[in-house]
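Participant: Quick one: the structure is below, questions incoming.
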Ligand SMILES: NC(=O)c1ccc[n+]([C@@H]2O[C@H](COP(=O)([O-])OP(=O)(O)OC[C@H]3O[C@@H](n4cnc5c(N)ncnc54)[C@H](O)[C@@H]3O)[C@@H](O)[C@H]2O)c1
Ligand SMILES: [Zn+2]
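Numbering (our numbering), first residue to last: 3 to 347.
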C-alpha cells in the first residue's frame with residue numbers, strides 16, 4: 003500500500019491501493035474507533051460503489067447512514083448541503099461521528115462543507131472516485147459550494163482526517179473523465195516534478211502517479227493551508243484554463259481547458275524569457291498522448307478579456323504561474339495591460 007503523510011496543522015494520511023474500497027471500514031476504525039457514519043455520494047457513485055462501502059463499514063462495526071444527492075455543478079449548492087445536514091440531524095449524527103465523502107470532486111466539496119459546518123465542524127474522510135478528485139480535491143481542505151452560478155463562492159478550509167484512494171474505481175470512468183484527471187497529473191509534473199512528467203509519457207503506474215502528485219500537493223498545502231502564498235503555484239495552466247472554460251461555455255471540460263492553458267502559459271514563459279528550456283514539444287506530445295486537446299480555440303483578445311474576470315485577479319494585476327524549466331515554476335504578478343505580451347496566439 004502506498005502512503006502519503008500530509009503535514010497540515012491537523013495532519014492526516016492518504017492511503018492508495020487497488021481494492022481498498024473493501025477495507026475502508028477497518029482502515030477508518032484503525033485511527034478513529036467505531037463510529038456512526040454518514041456516507042455521502044452522488045446518485046451515480048452510490049449506485050456503483052455505495053453498497054460495497056456500506057458493507058465494508060458495517061463489517062467493521064460502524065453504523066451507517068447512507069445519503070445521496072443528485073450530482074452535477076447545478077446541485078453543488080447550499081440547498082444540497084442543508085438537505086444532507088437535515089438528514090444527518092434526523093439520523094442522530096453527533097460531534098464525535100464522521101462523514102465519509104465517496105465520489106468525485108463535487109461530492110468531496112459538498113460533503114466536506116457539510117462536515118465543516120455541521121455542529122461547527124465534524125471529522126470527515128475522503129474516498130475519491132475520479133482521477134481528478136484523487137489527484138487534487140481530496141487533499142488540501144478546500145470545501146464549498148456554488149452560489150447563483152458562481153463557482154465555489156461559499157466555502158471553508160476543512161482538512162479531512164484521512165483520504166483513501168482505490169484506483170480500481172477509475173475503470174468505470176469514461177475516457178474523457180480519466181483524461182480530465184490526467185491534465186492535473188501533467189500539471190504537477192511540469193510545475194514541480196520532471197520525473198513525474200516523464201512517467202506520464204509512457205505507460206504508468208497510476209498508484210505511483212497519485213502518490214507523487216499528492217506528495218507535491220501535501221507539501222505545498224502544508225506550507226500555505228489558506229491559499230495566501232505558494233499554493234498559487236498549483237494553479238499552473240489554470241488562469242488561462244478558466245478563461246477557456248468560460249469562452250467555450252464549458253464545452254471544454256476543466257482538464258481539457260487546463261491542458262490548453264499549460265501550453266499557452268509555457269509559450270508565454272518562453273517568449274518572455276522566464277523559461278530557460280524549451281520543452282514545449284514534449285508537453286504538447288504528452289497532452290496529445292493523454293487524449294487532451296492541444297490547440298487554442300480563441301484569439302488573444304478573447305482570452306485576455308475572459309481573464310479580466312478571473313477571481314484570482316487582484317486590482318489591475320493577475321498572478322501567472324510560469325514554468326522556468328521542466329519541473330520548476332514561478333509565480334509572477336503581471337499588470338492586465340501587459341498580458342498581450344505573454345499571450346500572443
Ligand atoms: N476542493 C478542491 O481542492 C477542488 C480541486 C479541484 C476541483 N474541485 C471541484 O471538483 C469538481 C469536479 O470534480 P470531478 O470532475 O470529480 O466531478 P464530479 O464529482 O461531478 O464527478 C464527475 C462525474 O463522474 C461520476 N463519477 C465519479 N466517480 C465515478 C466512477 N468511479 N465511475 C463512474 N462515474 C463516476 C460522477 O457521478 C459525476 O457524474 C468541481 O466542482 C471542482 O470545483 C475541487
Ligand atoms: Zn484543476
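Built from N, CA and C at the ideal position, the CB exists for glycine as well. Quick caveat: nothing in here was measured; it's all calculated off a predicted structure.
#1: Quick one: residues in its chain with C-beta nearer than 6 angstroms to the C-beta of residue 87, no 5 flanking neighbours on either side, listed in chain order?
#2: Ligand 2 heavy atoms versus the CB of residue 256: any closer than 8 angstroms?
#3: Quick check on the burial criterion: 16 or more other C-beta atoms within 10 angstroms. Buried or exposed for residue 267?
#4: Mapping DSSP to helix, strand and coil, what is residue 258?
#5: Count the other CB atoms, across all protein chains shown, that sit within 10 Å of the CB of residue 138; report buried if there are 16 or more and exposed otherwise.
#6: Alpha carbon to alpha carbon, how far is residue 224 from residue 76? Give it in angstroms, no decimals.
#7: Go through its chain and collect everything with a Cβ distance to residue 184's Cβ below 8 angstroms, but skip five positions before and after it.
#8: So, helix, strand or coil for residue 299, using DSSP?
#9: Rounding to the nearest angstrom, what Cα-Cα distance links residue 102 and residue 41 in this structure?
#10: If we call anything under 9 angstroms between Cβ atoms a contact, is residue 264 one with residue 192?
#11: So, for residue 213: in the same chain, excluding its five sequence neighbours on each side, which residues have a beta-carbon less than 7 angstroms away from its beta-carbon?
#12: State yes or no: is the C-beta of residue 259 within less than 9 angstroms of the C-beta of residue 270?
#13: Three or more C-beta pairs closer than 8 angstroms, one from the segment 152-160 and one from the segment 275-282: is that the case here?
#14: When you measure from the CB of residue 202 to every non-hydrogen atom of ligand 2, does any distance come out below 8 angstroms?
#15: Measure from the alpha carbon of residue 98 to the alpha carbon of each residue in 55, 90, 105, then state which is nearest.
#16: Just to confirm the assignment, what range does the beta strand (DSSP E) spanning residue 333 have?
#17: Can you tell me which of the three DSSP states residue 182 falls into?
#18: With a threshold of 8 angstroms (Cβ to nearest heavy atom), would residue 73 be considered close to ligand 1?
#19: Can you list, in chain order, the stretches of the beta strand (DSSP E) that have 3 or more residues and sit fully within the segment 16-42?
Facilitator: Taking the definition as stated:
#1: 116, 120
#2: yes
#3: buried
#4: helix
#5: buried
#6: 31 angstroms
#7: 133, 202, 257, 292, 293, 294
#8: coil
#9: 5 angstroms
#10: yes
#11: 4, 6, 18
#12: no
#13: no
#14: no
#15: 90
#16: 330-337
#17: helix
#18: yes
#19: none
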